[in-house]
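Chains as they are written, first to last, in the working numbering: chain A, 74 to 545; chain S, 704 to 928.
Using N, Cα and C, we set each Cβ at its ideal position, and we do this for glycine too.
Structure record follows, encoded as structure tokens.
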Amino acid sequence: MPSLFKPSLFKSAAYRISFVYSAAFALAILLLGLVLFWAMHLDFTRQLDGTLRDEVSTLLAESRSDGESELADAIAQREASTSRDRLLYAVFTPDGRRVLGSLRTGFPRLGLHDFTFTDPGEGPDAARGLAVDLADGKRLIVAADRERIEQIDRTIVSVFATAFLLVLLLGAAGALLLGGYLRRRLGAISGAAEAIVEGELGRRMPVSRRGDEFDRLARSLNAMLERIEGLVENVRQVSSDIAHDLRTPLARLRNRLEQALAGTDPASSGDVVADALHRVDDVLTLFAAILRIAEVESGEIRRTFAAVDVSALARELAESYAPAIADGGRRFQWSIAPDLLMLGDRELLAQAVINLLENAQRHTPEGSEIRLSVSGGAQELTLMVADDGPGVPDEDKDRIVQRFIRLDASRTTPGHGLGLNLVSAIARLHGGRLRFAGNFPGLRVILEFPRSDERGEPPFHPIGAGSREGRS
Amino acid sequence: MQILLAEDDTETAEFVARGLGELGHNVLRARDGADALHFATTENCDVIVLDRMLPAIDGLAILRRIRAAGVETPVLLLTALGRIEDRVEGLEAGADDYLVKPFAFSELAARINALGRRRPLNEAPTQIEAGPLRMDLLARQVWRNDTIVQLQPREFRLLEELMRNSDRVVTRTMLLERVWGFHFDPQTNIVETHISRLRAKLNRDGGADLIETLRGVGYRMRGNA
């Protein structure tokens, strides 16, 4: 256990909280003691006052019926008692002379009051007495030693002082134990965090089997780390993919320009420049696509979401694309349910449909049939582009959504392998998902969106965590 | 045309100014927001090309002040930000067109030409003519010489855009924006397909091809063929 006065002890929130807690508890005990002390003290004094009052009235009653000699006898008799509770008595003449009783004190004031008397054994002592005037002008005082009350007071004080000290000691010990425990649990977490900062990216927070708050915290931190590591890995993968994808067109461009400079290129310089322009445009297009995906994935576009008539949009696109698809030698059919609305971004939804239609044309042989359908239920809206081309093997269906993934079968077709990735990002932006199914023969590419609720708010999912696994 | 070019990046500004100069335009350059505001309100320009991010005064602020000062000169906003919100913001501030950097010079030149031509629209013609073509915007009808040409609605819009800018270059991007409402490049041949259909319909009865294709740039409607 570290020394109590190590500065770190006071900088620790765990220790501080424990100490403050036990100090507050001890203080509560102290307050309780004080209140109890005063309550008991007052109660005993009141009881004593009652006893004195009773005794005085008894004595007065006796002396009134039987005369002064009876009073003297009664006092003598009472003073002879050996009971610990016996009272003290005295009767004074108006000139201050004590004529009866053994209470040694000066001429008393009338009424209840505290005063000092001389105890034959102990010397000056505190007492509480009640003085009344008798019929013959003499003054009677009945008193009780305050010793009993003081004893009780002392007992209460010592009990509570002991309790206070015990609580303080136990509290401090408990605080040290609890603080040490908290520090140990938190230390394990911050230790892991520091290790991660040092570069041990695979390190995770320790999770015990207790399943308490710390374990829950550790588990959420671990989930976060998992996610971040995935993203970092993704970024690393994507940047190397981009670099790789760019090298090829840039290298070809360089070769072409080098040949033109050396005069070995048979084409005219104008053609070389036009070709170079074309290749540079291609690279710029790639960059634009990457930035576009990043923009969609950031989710910021949601702020400008508005109601989109998906049916009308799909019909417009179908009509716009019909000539292009027909020119490409493929048949095109569409079936679009009317008046399907959803909250979203019109242009991005259009882009998604365009990408799917382009893909269907690009990856099917001439003579294929391409079908666009839009349907909706109360809960969801489904956009589907189906073809009867060669389809995609089941094992590749998850892969084709990834960035820069191009199946071997389509190596020779143009494109950067970003189209479906963008479609998938657009689906997630709208809280929906992209999935693939067989069309027997061919492929069905299905976009499913949840319909917005009555208030017109789409059920937003964070674009990152979870949704990638196709949470619906 | 007299063009005010407010662009703080020297390389871009020089490249654009040289290009516009070669096309016969007179270019006035402003290097910061204060200059831009001064020229825009004192010089008589046909088109203002305004960078969104300028030193001293931000491009959007300049645009609002120019408009507040009652200057109606068409403004083309240049920006490095391609986000949808930014475009909407720019158009709301009073821009007439919007171009995201990096841009191809031919795209900029075509847009400047289109803007410079945009004359008072309050007369709102119901008929447009270009060469042998006549378009009735109310009846949604097109004639070549005196023969009716049957067009799909989208082809009609496409032809309208070309005829309104006859003898000027209209880029593929401009057509995507104005005919289809797409402010992104969908990487598709949709424009090409529609142009070729339109061309086929216009030329059905023979006669010269009226739509000129400028490779890598766009299309141009021959106004007096």
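According to DSSP, which residues form a beta bridge with residue i?
i: Asp839/S; result: Gln830/S and Gln844/S
i: Ala772/S; result: Beta-bridge pairing links Ala772/S to no other residue.
i: Met924/S; result: Ile914/S
i: Glu442/A; result: Arg404/A
i: Pro197/A; result: Thr191/A
i: Ala459/A; result: Arg444/A and Arg517/A
i: Leu94/A; result: One detail in the question is off: residue 94/A reads as Tyr in this sequence, not Leu. Tyr94/A is not bridged to any residue.
i: Thr850/S; result: Arg847/S
i: His186/A; result: Gly202/A
i: Met415/A; result: Val381/A
i: Val311/A; result: According to DSSP, which records beta bridges pairwise, Val311/A is partnered with nothing at all.
By how many angstroms is the C-alpha of residue j removed from the C-alpha of residue i?
i: Ala459/A; j: Glu389/A; result: 18 Å
i: Val353/A; j: Arg282/A; result: 58 Å
i: Ala733/S; j: Ala817/S; result: 22 Å
i: Ile519/A; j: Tyr922/S; result: 36 Å
i: Asn328/A; j: His317/A; result: 17 Å
i: Gly819/S; j: Glu915/S; result: 21 Å
i: Gly727/S; j: Asp738/S; result: 23 Å
i: Ile765/S; j: Leu445/A; result: 47 Å
i: Asp412/A; j: Asp382/A; result: 6 Å
i: Leu103/A; j: Thr189/A; result: 31 Å
i: Ile269/A; j: Leu250/A; result: 29 Å
i: Glu306/A; j: Leu319/A; result: 20 Å
i: Ile225/A; j: Leu173/A; result: 31 Å
i: Ile706/S; j: Leu865/S; result: 23 Å
i: Leu841/S; j: Asp800/S; result: 26 Å
i: Arg151/A; j: Ser95/A; result: 53 Å
i: Pro805/S; j: Ala361/A; result: 10 Å
i: Leu183/A; j: Val205/A; result: 6 Å
i: Ile831/S; j: Leu429/A; result: 37 Å
i: Met838/S; j: Arg403/A; result: 33 Å
i: Arg517/A; j: Ala410/A; result: 18 Å
i: His351/A; j: Glu368/A; result: 25 Å
i: Leu507/A; j: Gly910/S; result: 49 Å
Taking DSSP as the reference, what is the three-state secondary structure of residue i?
i: Arg137/A; result: helix
i: Gln406/A; result: strand
i: Asn747/S; result: coil
i: Asn729/S; result: strand
i: Arg484/A; result: Summary for Arg484/A: the model assigns pLDDT 45, below 50, so the residue's position carries little reliability; its value from the coordinates is reported in the next sentence. In this structure, Arg484/A counts as coil in the three-state DSSP scheme.
i: Ile262/A; result: helix
i: His741/S; result: helix
i: Ile214/A; result: strand
i: Met113/A; result: helix
i: Phe509/A; result: strand
i: His897/S; result: helix
i: Gln452/A; result: coil
i: Arg517/A; result: strand
i: Leu429/A; result: helix
i: Ile760/S; result: coil
i: Ala380/A; result: strand
i: Gln705/S; result: strand
i: Arg257/A; result: helix
i: Phe533/A; result: In this prediction, Phe533/A has a pLDDT of 45, which is less than 50 and means its spatial position is unreliable; nothing more can be read from the coordinates.
i: Asp789/S; result: helix
i: Leu491/A; result: coil
Just checking my contact of residue i with residue j at CB under 8 Å: how many whole Å lie between their CB atoms?
i: Thr178/A; j: Ala163/A; result: 7 Å
i: Ser371/A; j: Gly252/A; result: Incorrect: roughly 43 Å between the Cβ atoms, too far for contact.
i: Ala216/A; j: Leu176/A; result: 6 Å
i: Leu802/S; j: Gly793/S; result: Leu802/S to Gly793/S, Cβ: 10 Å. No contact.
i: Pro279/A; j: Ala265/A; result: 7 Å
i: Phe180/A; j: Gly194/A; result: Wrong, their Cβ atoms sit about 23 Å apart, outside the cutoff.
i: Ala99/A; j: Gly244/A; result: 6 Å
i: Leu898/S; j: Ala397/A; result: According to the sequence as given, residue 898/S is Ile; it is not Leu. That belief does not hold up - the Cβ atoms of Ile898/S and Ala397/A are roughly 11 Å apart, past 8 Å.
Any heavy atom of the ligand PLP closer than 7 Å to the beta-carbon of residue i?
i: Asp158/A; result: Here there are no bound small molecules, and the ligand PLP is not part of this structure.
Step through the CB atoms of chain D and report whether any lies within less than 8 Å of the CB of residue i.
i: Gly919/S; result: The structure shown contains no chain D; its protein chains are A and S.
**Message:** Along the stretch 355-377 of chain A, where does the CB come closer than 8 Å to a CB of chain S? Name the residues.
**Reply:** Correct list: Leu357, Thr358, Ala361, Ala362, Leu364, Arg365, Glu368, Glu373, Ile374, Arg376 and Thr377.
**Message:** If the cut-off is 9 Å on Cβ atoms, which residues from the stretch 885-896 of chain S count as contacting chain A, listed in chain order?
**Reply:** Listed in sequence order: Phe885, His886, Phe887, Asp888, Pro889, Gln890, Thr891, Asn892, Ile893, Glu895 and Thr896.
**Residues of the stretch 412-433 of chain A whose Cβ lies closer than 9 Å to any Cβ of chain S, in chain order** = Contact residues of the stretch 412-433 of chain A toward chain S are Asp418, Arg419, Glu420, Leu421, Ala423, Gln424, Ile427, Asn428, Leu430 and Glu431 (C-beta to C-beta distance below 9 Å).
**Item:** Contact set between the stretch 390-401 of chain A and chain S, restricted to residues whose Cβ is under 8 Å from the partner
**Value:** So the close ones are Glu392, Ser393, Tyr394, Pro396, Ala397 and Asp400.
**Message:** Closer than 7 Å between beta carbons: that is the criterion. Which residues of the stretch 240-257 of chain A meet it against chain S?
**Reply:** Result list empty, no residue passes.
**Asked** Listed from N- to C-terminal order along the chain, which residues in the stretch 310-340 of chain A have their beta-carbon within a distance smaller than 9 Å of any beta-carbon of chain S?
**Response** Those residues of the stretch 310-340 of chain A that come within reach of chain S (Cβ to Cβ, closer than 9 Å) do not exist; the list is empty.
**Residues of the stretch 845-878 of chain S with Cβ closer than 7 Å to any Cβ of chain A, in chain order** = Taking 7 Å as the Cβ-Cβ cut-off against chain A, the residues of the stretch 845-878 of chain S that qualify are Arg857.
**Residues of the stretch 897-916 of chain S whose Cβ lies closer than 7 Å to any Cβ of chain A, in chain order** = Residues His897 and Arg900.
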